[in-house]
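Comments concern the structure below.
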Amino acid sequence: MGTDRRVIEPLTAVIDAVRRAGLLQAAPEVLPGVSHLTADSRAVVPGTLFLAVPGTRTDGHAFVPDAVGRGAAMVLVDRPTTTAVPELMVRDARVAAVIAARAWYGDPSAAMRLIGITGTNGKTTTTGIMRHLLNRRGDAGSIGTLGAFDGQGVPVPSVAGSLTTPGPVDLQATFAALAERGVTRVAMEASSHSLDQGRLDGLVFHGAVFTNLTRDHLDYHRSMEAYLAAKLRLLGLLAPGATIAVNSDDRAWDAIPRSAGLIRFGLQPQADVRATELALTADGSRFRIEGRFGRREIRLPLPGEFNVANALGAAACGLGLGLPLDEVAERLNTAPQVAGRMERLVTEPCVVLRDYAHTPDALARVLRSLRPLTPGRLVVVFGCGGDRDRGKRPLMGQVAAELADQAIVTSDNPRTEDPERIIDEIVAGMPTRGYLRIPDRREAIGRALGLVTDGDTLLLAGKGHEDYQIIGTTKYPFDEGRIVRDLV
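Our numbering numbers the first residue of the sequence shown as 3 and each following residue consecutively.
The following block contains the structure:
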């Protein structure tokens, strides 16, 4: 996206910042009038500085002609093009774009306290809880999969939520919008992609939460070692003395060196912030939070043992940042429901939920949490995304077959892959019988609703908050909440 700035001065700030970073190769002697910044050629308007950023699937340099045709006044590139407009030549366009975006918007996050949340699962819920803990004065915002929200919970339109962590221009535009709304503290998801690609470089985080690490995104990272290394890059963005909340139940984080700011959270006795006397209900959980900061009784209104871990992560970080235990406990007791995360769509005569679980570990955690709360049968509808890690597909099938009474395998976001082929790879991990195969997701949901009765639980897994389905390269409206309401 691009944001109208109606001023010329930011261009000088961009060039100066790129020069200070040692990335500037050449700049035009006479600067054009520039009032707009974007890395998306479709958002170019007359007077735009277009950032030709190389991506994982496309290269912004290929879109320079389109940007110029739409009125770009200048382009930031790291190799010569045949365009007639002035070029800002840099050594690394990806790195320079991050610096340019920060300079254009005046580095709005520099005056904020940032808390980064990373891990495979639980980032979105932990971010939501973290914002809630910090927001007693109404000055805490959040950025992540669900979009960006200010201290009043009002969405910031500059982020549509298509990426867990926005691109450099979107991110800085969002920080600027949050600052204008009085936000001084921000909890944000830090995806492995954004860390690996340097999208967060230059930010300074005062706190971090490491949730868990299980298989995901290996289509991009290729190995669990590379995936872990990407997550750990968050450590290099921390301010001196920052709080680091680490899930002690996950041995992957043993790679994080001990420091004064390290706080371990979890269910194990050695955790600095731990949950004891845990009781799970359909509406949430009751437990005692205890450890080096004290002891308090908690009634968390979010169901599932994994949400206890998410709450502990946010609590540990908040306590490390100086929040009083009484305040943390009070805020946990009123933690808000996060869209598409164990979200109940129907409560009687059966229970129907949707959850974003799209990894083997996440699906297993949700199904295990639902089992003791289900007197009848546990039914799951799920699929796997196309153009993503194929290796997890049979693992997802195995989890569903082992932990659900009935599995219906369907489409998620097939993208450019054949849905039938994706399902073939999922069911390779399942017994030859005992599941249904229905590629059309709406039809699969309808079939599942016809199967469940009193006491049963139906889980719609994988899409969560998403209100679309990607088929080919097109997003089609697909809101599971609305579909269930229409079919019930």
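Every residue gets a Cβ at the ideal spot worked out from N, C-alpha and C, and that includes glycine.
Bear in mind the structure is a predicted one, so any value in this text is a computation, not a measurement.
Ranking T176, D274, V55, P170 by CA distance to the CA of V156 puts T176 first.
Boundaries of the alpha helix (DSSP H) harbouring H195: 194 to 198, taken from the DSSP string. If you look at L234, you'll find it isn't in any beta strand (DSSP E); it sits in the alpha helix (DSSP H) that goes 226 to 234. Within the same chain, Cβ atoms closer than 8 Å to the Cβ of D407 are found at R379, L380, V381, the five residues on either side in sequence being excluded. Closest in C-alpha terms to T213, from the list D221, D285, L234, L205, comes L234.
Annotated three-state conformation of Y107 is coil, per DSSP.
The Cβ atoms of V368 and A359 lie closer than 8 Å to each other.
Annotation: the continuous alpha helix (DSSP H) that includes K125 extends over 125 to 136.
Under the three-pair Cβ rule at 8 Å, the segment 421 to 429 does not count as touching the segment 314 to 323. Rounded to the nearest whole angstrom, the C-alpha separation of P433 and E191 is 37 Å. Under the DSSP assignment, N214 falls outside any alpha helix (DSSP H); it carries neither an H nor an E label.
Residues V354, V486, V490 of the same chain have their beta carbon placed closer than 7 Å to that of V348, with the five preceding and five following residues left out of the count. Around the beta-carbon of Q272, fewer than 16 other beta-carbon atoms lie within 10 Å, marking it exposed. Put simply, of R201, V454, P56, D221 the residue whose alpha carbon is nearest the alpha carbon of R390 is D221. For V70, the enclosing alpha helix (DSSP H) stretches over residues 66 to 71. Each of R346, R484, P441 was checked against the Cα of L461, and the nearest Cα belongs to R346. Ranking R104, G118, S413 by CA distance to the CA of A112 puts R104 first. Cα atoms of A179 and L314: separation of roughly 30 Å, rounded to the nearest angstrom. V16 is positioned such that its CB atom lies no closer than 8 Å to that of A75. By the beta-carbon neighbour count (other beta carbons within 10 angstroms, threshold 16), D274 is buried. One thing to note: L13 has its Cβ within 8 Å of the Cβ of V36.
Using a Cβ-Cβ distance cut-off of 8 Å, the segment 397 to 413 and the segment 433 to 450 are in contact, since at least three pairs of beta carbons, one from each stretch, lie closer than that value. A distance below 8 Å separates the beta carbons of T245 and G209.
Comparing C-alpha distances from R443 to each of D456, D458, G483, G457 shows the shortest one belongs to G483.
Under DSSP, no beta-bridge partner is assigned to Y358.
In chain order, T122, N123, T216, R217, D218, K394 place their CB closer than 7 Å to the CB of T361, counting only its own chain and leaving out the 5 sequence neighbours on each side. When the Cα atoms are used, P82 and R59 turn out to be separated by approximately 21 Å. With respect to the C-alpha of R183, the residue from R139, S225, S194 having the closest C-alpha is R139.
Residue pairing from DSSP places F207 in a beta bridge opposite L116, L240.
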